[in-house]
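Numbering (this note's numbering), first residue to last: 1281 to 1606.
Please read the structure below before turning to the comments.
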């Protein structure tokens, strides 16, 4: 088996703030495996402020894994960093015809960015009108009123809200009191509303609102179980691990009668296309959360969805091949 390793850097269109850290460029690695003329590729892109590993740590580890691969040693992907496990598992899955490389038409939940006209145009093209709104950015009473208004203006819209664990108890209660009871059935879920899982559950119980676990699902002692008002598990493979690990998490989630939602960690179009295929295969009844490509100015290696962004390949100025010393 032959292999190559690349590093990419793609400019971000607007300054992106991730937990107080500014991201202007999305960087990551592309691993390419070739066996008997068949090629499999994967993206390894730790997300700053969210991943447990940094890009240099991931690069060091993937180099070690490729050396073991060269000498036919046990790879032990499950012991690798999540982003490394995910990227390598995608490359192997493509080699083994377990993950399609074809362009896929997929519906994803669009992120509402504040422009209602643009948003309504997006929704008009969707069969199922499910969208996402980031919250816990403005005062909770303002956000509740804005969401009330959005739902009132677009009668067939269902929303997913994402608070990223930012609310304390009082902020959560303020939102709950201001959010209209008549719209509760049109919330698919609120992701991680409060600073702790316990507070989130208490908030959900108090206001009878559906919630979803995202960060909580990646804590070491987490296991999927039925809990009051918890309706979904958000699975971000770059932060979770290999496709096999994600597949098991999906199965456990479905066994408990919960919805599994595949979501992006701001991967390039390559990673997004692979997530779309994985979602189509293992969570066909759930709309994935993959509306992050518009943060970038280029697509990488493979196109995603209906994006019209220019497509660049591994020979472009945004990619450099790395030397691997065996």
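C-beta: ideal position from N, C-alpha, C; glycine also.
Residues in the same chain with beta-carbon distance under 8 Å from residue i, minus the five sequence neighbours each way, listed in chain order, please.
i: residue 1257; result: Coverage of the chain is limited to positions 1281 through 1606, which leaves residue 1257 absent and any answer about it impossible.
i: residue 1428; result: 1458, 1459, 1460, 1463
i: residue 1337; result: 1326, 1361
i: residue 1383; result: 1553, 1582, 1583
i: residue 1319; result: 1312, 1313, 1374, 1375
Identify the continuous beta strand (DSSP E) that holds residue i and give its terminal residues.
i: residue 1299; result: Neither: residue 1299 is in no beta strand (DSSP E) and is coded neither H nor E.
i: residue 1400; result: Careful: residue 1400 lies outside any beta strand (DSSP E), inside the alpha helix (DSSP H) at 1396-1404.
i: residue 1602; result: 1599-1602
For a quick check, are the C-beta atoms of residue i and residue j less than 7 Å apart?
i: residue 1389; j: residue 1412; result: yes
i: residue 1575; j: residue 1552; result: no
i: residue 1549; j: residue 1580; result: yes
i: residue 1562; j: residue 1541; result: no
i: residue 1536; j: residue 1506; result: yes
i: residue 1285; j: residue 1306; result: no
i: residue 1443; j: residue 1472; result: yes
i: residue 1321; j: residue 1373; result: no
i: residue 1424; j: residue 1396; result: no
i: residue 1602; j: residue 1287; result: yes
i: residue 1339; j: residue 1379; result: no
i: residue 1606; j: residue 1350; result: yes
i: residue 1573; j: residue 1587; result: yes
i: residue 1498; j: residue 1519; result: yes
i: residue 1346; j: residue 1604; result: yes
Considering only residues of the same chain and omitting the five flanking positions on each side of residue i, which have a CB-CB separation below 7 Å?
i: residue 1341; result: 1360, 1361, 1364
i: residue 1469; result: 1440, 1490, 1491, 1492, 1511, 1512
i: residue 1357; result: 1365, 1368, 1369, 1522
i: residue 1409; result: 1403, 1436, 1437, 1438
i: residue 1467; result: 1439, 1441, 1489, 1490
Based on DSSP bridge pairs, tell me the residues matched to residue i.
i: residue 1539; result: 1512
i: residue 1580; result: 1592
i: residue 1388; result: 1568
i: residue 1282; result: 1314
i: residue 1527; result: DSSP lists no partner for residue 1527.
i: residue 1546; result: Per DSSP, none; premise fails for residue 1546.
i: residue 1412; result: 1391, 1440
Considering only residues of the same chain and omitting the five flanking positions on each side of residue i, which have a CB-CB separation below 6 Å?
i: residue 1517; result: 1366, 1526
i: residue 1301; result: 1328, 1329
i: residue 1494; result: 1471, 1472, 1514
i: residue 1314; result: 1282
i: residue 1415; result: 1423, 1441, 1443
i: residue 1454; result: 1420, 1421
Identify the continuous alpha helix (DSSP H) that holds residue i and give its terminal residues.
i: residue 1556; result: 1549-1562
i: residue 1517; result: 1517-1520
task = Quick one: which unbroken alpha helix (DSSP H) runs of 4-plus residues sit fully inside the region 1433-1504? Chain order, please.
result = For the region 1433-1504, whole alpha helix (DSSP H) runs of length 4 or above, ordered along the chain, are 1449-1458, 1477-1487.
key: beta strand (DSSP E) runs wholly inside the region 1285-1363, at least 3 long, in chain order   = The qualifying runs are 1301-1315, 1318-1324.
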